[in-house]
Ligand code: SAH
Ligand code: SF4
Ligand code: F3S
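This is the structure we're talking about:
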């Protein structure tokens, strides 16, 4: 995990390898993931499906029989990185002509068979809802044919599949609670790459979290593109207008959060991503009620200007968003808050950009993820609005926003000095073997001397100093 949260490394892409294979079939797999936590979580499902078929793994793609790249399509830059990798893998085919290369995830869904037909870069293309068919598709590819399955599903949640934890620290884990997204934000490709929103059976979520706790994990992050719209009415697919009868037996996100929190007070619960239009007070009260639900909310704003928000189809205004921030501060006074912001969306003026800066001043986020607008094919914005903010203006606005966030992150971190923080230890600090690191409830990284502590331990740390985004202290007893 990155210790620098202003620029999220998980959003830059990173390689992960499969561990602990069983029943070897003699074939080696190399799996690489890009994009958001949801994609990393999906790779753990893919690993599980292939492990059951006897695949072992390798960390060296030159000795792999099968290479899968789980891809992200959120911005053009993300796609370019993946293309570069695929070109490298194509070269690897020269030394191993039997090598099978597959594209999984959001680019697979967006570009479908283009990779096979026009670019001849890969042998297999599989979308996010079709991973159960991977073993079959590998068999087809082994006969020299190309294999594609990009069908999206209204029901698939992989609820019964026990993910193989990849690159795991043994302390923190992701659990997917919804798939897809029904929101249609004008800039966003996700509804096209991941299909309709559906919620996962809460029983299977609780079971997965309980098993993780029993295996020694101490933190779970519940994942969905919009966790607040989680609704289990028995059938999986979220009902548009559930009847009173269906709602009586339904599980809402607040109820799910509570059920996970009740598994054990030593199991921390996080969640991502909250949506300002759907995050009600009920969920905030649930967070406030349980100490083991972390006081941290990632609440993407995208823009501080109501005209831009309307064009983005976000479903809220600047005032509504600030009202939600007030509710968080009122109900969970110690909450850490972070955001996503897009600069230079279609027709954004200088004044509207200033509105984003002033909203940041009003909120003073603990950290944030900031991006220049990247037009994505098929989206509402691509069809309706010209991408008319010049690249250099987008990057200048982005630099201003990043600079302000760096300042706010430093201020917010500094406010933690001189206080005791309850830290869940995640591992050895990158900078020194003598130091451990973990996070406080607000998701800020805390570094402290190792002493006799181990990862997975809760440690009360008295914080004495800080750097930009990291708290530094020592354990108190
Ligand atoms: N479901 C989450 C966001 C998922 S995508 C939510 O609704 O908040 C993560 C972030 O990528 C978004 O919040 C947005 O800030 C950014 N993003 C999405 N599409 C983008 C685009 N076309 N250009 C630039 N940034 C984009
Ligand atoms: Fe994209 Fe909006 Fe859905 Fe988030 S809520 S995934 S930004 S469409
Ligand atoms: Fe990327 Fe798909 Fe996630 S587009 S951000 S991997 S949902």
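In the working numbering, the protein residues as written are 430 to 906.
For glycine and all other residues, C-beta sits at the position ideal for the given N, C-alpha and C.
Treat the numbers as computed from the prediction; the structure is a model and nothing was measured.
- Between residue 586 and residue 627, the CB-CB gap stays under 9 angstroms.
- About 6 angstroms separates the Cβ atoms of residue 701 and residue 650, confirming a contact at the 8 angstroms cut-off.
- Between the C-alpha atoms of residue 789 and residue 831 there is a straight-line separation of about 11 angstroms.
- In terms of Cβ geometry, residue 613 and residue 809 form a close pair [threshold 9 angstroms].
- Minimum Cα-Cα distance from residue 855 among the listed residues 868, 844, 862, 523 corresponds to 868.
- Counting only runs of at least 3 residues, the stretch 634-701 fully encloses the following beta strand (DSSP E) elements, listed from N- to C-terminal order: 648-652, 697-701.
- Residue 727 is bridged by DSSP to 767.
- The DSSP-derived three-state label of residue 627 is strand.
- The continuous alpha helix (DSSP H) containing residue 569 extends over residues 563-571.
- Annotated as distal: residue 695 and residue 774, with beta-carbon spacing of 9 angstroms or more.
- One alpha carbon belongs to residue 720, the other to residue 697, and they sit about 8 angstroms apart.
- In this structure, 601 is the residue among 852, 872, 601, 753 with its C-alpha nearest to the C-alpha of residue 646.
- Residue 905 is positioned such that its CB atom lies no closer than 9 angstroms to that of residue 876.
- Distance check between residue 686 and each of 718, 663, 706, 676 places 718 closest, using alpha-carbon atoms only.
- Looking at the DSSP output, residue 737 sits in no beta bridge, so it has no partner there.
- Going by DSSP, residue 470 is part of no beta strand (DSSP E) but of the alpha helix (DSSP H) stretching over 466-480.
- In this structure, the C-beta of residue 655 approaches ligand 1 to less than 8 angstroms from one of its heavy atoms.
- In this structure, the alpha-carbon of residue 546 lies about 11 angstroms from that of residue 553.
- The beta-carbon distance between residue 784 and residue 767, rounded to whole angstroms, is 19 angstroms. This is too long to meet the 8 angstroms contact definition.
- In the three-state DSSP reduction, residue 903 falls in the strand class (E or B).
- The residue among 520, 804, 636 with its C-alpha nearest the C-alpha of residue 589 is 636.
- Burial of residue 845 is indicated by the presence of at least 16 other C-beta atoms within 10 angstroms of its C-beta.
- For residue 535, the uninterrupted alpha helix (DSSP H) run begins and ends at 535-540, by DSSP.
- Three or more Cβ pairs closer than 8 angstroms define a contact, and the stretch 479-496 falls short of that threshold against the stretch 670-677.
- Under the 8 angstroms Cβ criterion, the stretch 525-542 counts as touching the stretch 553-570, having at least three qualifying pairs.
- Bounds of any beta strand (DSSP E) do not take in residue 518; it lies within the alpha helix (DSSP H) bounded by 505-524.
- Between residue 712 and residue 703, the C-beta spacing is below 9 angstroms.
- In this structure, 873 is the residue among 873, 863, 510 with its C-alpha nearest to the C-alpha of residue 851.
- By the Cβ-count criterion, residue 762 is exposed, with fewer than 16 other Cβ atoms from all chains shown falling within 10 Å of its own Cβ.
- Residue 458 places its beta carbon less than 9 angstroms from that of residue 494.
- Inside the stretch 765-805, DSSP marks whole alpha helix (DSSP H) runs of 4 or more residues at positions 779-792, from first to last along the chain.
- Judged by their CB atoms, residue 751 and residue 818 are not nearer to each other than the 9 angstroms cut-off.
- According to DSSP, residue pairing for residue 896 in a beta bridge involves 899.
- When rounded, the separation of the alpha-carbon atoms in residue 611 and residue 805 is 17 angstroms.
- Non-local C-beta neighbours of residue 741 in its own chain, meaning closer than 7 angstroms and more than five positions away in sequence, comprise 614, 615, 616, 731, 732, 774, ordered along the chain.
- Here residue 871 has 724, 725, 765 as same chain residues with Cβ atoms under 6 angstroms from its own Cβ, once five neighbours each way along the sequence are excluded.
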